[in-house]
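What follows is a short report on a single structure.
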Amino acid sequence: LNELTRLEHAHPLDHAKQRLVAYSDLLRRACRQFASAALVLSGEAWLEFLDGNDADKPFSAGAGRVLLDGPFQPSVDPHRVAPLADLMRRRLTTLAEQFNG
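In the numbering used here, the protein residues as written are 1195 to 1295.
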């Protein structure tokens, strides 16, 4: 979570694509630590994993979908990236709780 805060400061929203790429990298690194089996996932399966048990499906059916194609676009609308910080905080907290007992 400290790394997420650091990324927010290092990559302001007027550099949305850089922030999005950094967020994506952080999620992969967190999975390496907490859920290594998820590292092989991509596309919809990756987003569904990120949803976890959240019935609202914030990654696969919500704001988190930007992770699917955003990093590969020439630019990304900052309004699509802004909601990710809260989604990631919730998911990273859940991952840490699940896998650290």
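Just so it is clear, CB atoms sit at the ideal spot from N, CA and C, and this is done for glycine as well.
Residues of the same chain with a CB within less than 6 Å of the CB of ALA1216, apart from the 5 flanking positions on each side, are LEU1201, HIS1205 in chain order. Secondary structure at VAL1260: helix, using DSSP grouped into helix, strand and coil.
According to the DSSP assignment, ASN1196 belongs to the alpha helix (DSSP H) that extends over 1196 to 1204. Less than 9 Å divides the Cβ of VAL1275 from the Cβ of LEU1207.
Annotated as proximal: VAL1260 and LEU1278, with beta-carbon spacing under 9 Å. The alpha carbon of ARG1222 has as its nearest neighbour, out of ASP1280, LYS1251, LEU1198, the alpha carbon of LEU1198. Apart from the 5 residues on each side of it in sequence, ALA1257 sits with its Cβ closer than 8 Å to the Cβ of ARG1274, PRO1277, LEU1278, LEU1281 in its chain, given in chain order. PRO1272 and GLU1242 have their C-alpha atoms roughly 23 Å apart.
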